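Each residue of the sequence shown is one higher than the last, beginning at 1 in the working numbering.
Single-structure report; data block below.
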Amino acid sequence: MTAQPYGLEGIVAADTVMSDVDAANGRLILRGRPLDAVAGAWTAEEMAVHLWRGFLPMAEDPTALRAALGAARGRAFARLDRLLPAAAELAPVDGLRLLMAGLEVDEDDPAPAATVVGALPVFVAALGRAARGLDPVAPDPERGVAADLLAMLDGEAPSDDRAAALDTYLVTVADHGLNASTFTARVVASTRADLLDALTAALGALKGPLHGGAPGPVLDMLDAIGRPEAARAAIADRLASGERLMGFGHRVYRGRDPRADALRKALLALGSPRLALAGAVEREALAALARHKPDRPLDTNVEYYTALLLEAIGVPRALFTPVFAVGRAVGWAAHVMEQQAGGRLIRPASRYVGPAPGHAAAGAERERETAFGG
């Protein structure tokens, strides 16, 4: 019998124009544009226009789409009075899922993607403020997504460099092939469920620690190491005890994750008191991993510099995954629209590895005999 790939690895489940993850060469192509050409140059809105064009008529007019995203933030804010008290009692991702479930998307909405994706910054910021005992701050539809998210979180307009750094992050994480959450969104969309259903399901997949839940522990590791000069010994101790080095290695890339370089560049421009420590830990980790696992290339991944960048712009650790969702939702929506435009119901087969009927009957008979004394 031919061995089957585990976890669908290597199986093509969809044709897409959205992104090409070139694992062998460490490149990410976003609908024909290399990541290094758009990260730091485009805003989150411009990435939405790029990925949604051809699937959402409004995306043909960038000004109209930006206005639609701003209006969606206003509508989402109007729903907080009813939804936020219950959502604030939950963990941030669970609260975000509850707030999303409370959205209403009309059947005649000309831009459902803008309605749902535009609501997320409002919900994330409101949950962040509620965790500090603060009231939500109303959005400003004239601001860009990144600047408005920071303003709603902090209660004041952010500096241009902080907003630019967040835009770089949102663009960098917008899409990345058929990762777990994007695949989830496409599976749900393939049933002809609506876009809100698909994105809510995708958020559930993002919650898992093997997907969107990984950046926070990078900072925990840096906190534990503490000083640049302690990096070598601390890394050696972690590897000797079998602990994972957070922020290194990737399921797809066998070299460096190109998104790490995009975020590192943004972090260097922004500045961070952790730069010396982060650089020392990265150098020692890469050298130690090369010695520890010479046959398996392990390099810096997106989570390492995600954690450092989000911390530098003032995002609380508890909101790292929800802010990731703000960026990735643009890609989720693009894949949903692409799937709905022509994809079939996604229905993979499974391989049964349980007992044959005869074995099952014999086993049940033995259990019965044992239970009643033979």
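All residues carry an ideal CB built from backbone N, CA and C; glycine is no exception.
Here the structure is a predicted model, which is why all the values come from computation and not from measurement.
Over the uninterrupted beta strand (DSSP E) stretch that includes residue i, give me the two end residues.
i	result
residue 299	Here residue 299 belongs to no beta strand (DSSP E), and DSSP marks it neither H nor E.
residue 135	Here residue 135 belongs to no beta strand (DSSP E), and DSSP marks it neither H nor E.
residue 21	19 to 22
residue 30	27 to 30
Between residue i and residue j, which are expected to be in contact by the criterion C-beta below 8 Å, what is the C-beta distance as a whole number of angstroms?
i	j	result
residue 152	residue 110	Rounded, the Cβ-Cβ distance is 25 Å, inconsistent with contact.
residue 126	residue 112	With 8 Å as the limit, residue 126 and residue 112 do not qualify as a contact, their Cβ atoms being about 21 Å apart.
residue 203	residue 97	5 Å
residue 306	residue 248	With 8 Å as the limit, residue 306 and residue 248 do not qualify as a contact, their Cβ atoms being about 13 Å apart.
residue 335	residue 182	5 Å
residue 219	residue 317	6 Å
residue 123	residue 90	Contact flag wrong, Cβ pair sits at about 12 Å.
Have a look at residue i and residue j and give me their C-alpha separation to the nearest angstrom.
i	j	result
residue 171	residue 353	43 Å
residue 233	residue 283	13 Å
residue 297	residue 329	30 Å
residue 29	residue 76	32 Å
residue 179	residue 92	22 Å
residue 174	residue 327	5 Å
residue 1	residue 348	Residue placement at residue 1 cannot be trusted, given a pLDDT of 45 that sits under 50; what the coordinates show is reported in the next sentence. Going by the C-alpha atoms only, they are around 19 Å apart.
residue 314	residue 357	59 Å
residue 372	residue 350	Summary for residue 372: the model assigns pLDDT 45, below 50, so the residue's position carries little reliability, and this model does not support an answer.
residue 45	residue 355	53 Å
residue 236	residue 288	7 Å
residue 185	residue 116	14 Å
residue 34	residue 85	42 Å
residue 118	residue 72	5 Å
residue 161	residue 344	44 Å
residue 106	residue 226	51 Å
What residue range does the alpha helix (DSSP H) around residue i cover?
i	result
residue 283	275 to 292
residue 84	80 to 87
residue 173	Run containing residue 173: none; DSSP gives neither H nor E here.
residue 50	44 to 52
residue 237	231 to 240
residue 207	Careful: residue 207 lies outside any alpha helix (DSSP H) and carries neither H nor E.
residue 267	258 to 270
residue 182	180 to 190
On the three-pair Cβ rule with 8 Å, is the stretch 233 to 244 touching the stretch 10 to 22? no
To test your reading of the DSSP string, which unbroken alpha helix (DSSP H) runs of 4 or more residues are found completely within the stretch 98 to 133? 112 to 131
Does the stretch 330 to 339 come within contact of the stretch 184 to 198, defined as at least 3 CB pairs closer than 8 Å? yes
Inter-stretch contact (C-beta, 8 Å, three-pair minimum) for the stretch 257 to 271 and the stretch 36 to 43: yes
Check whether the stretch 15 to 27 touches the stretch 69 to 88, taking contact to mean three or more Cβ pairs, one atom from each stretch, closer than 8 Å. no
Pairing CB atoms from the stretch 211 to 226 with CB atoms from the stretch 306 to 313, are three or more of them under 8 Å? yes
Complete runs of the alpha helix (DSSP H) confined to the stretch 309 to 369 [at least 4 residues]: 320 to 342
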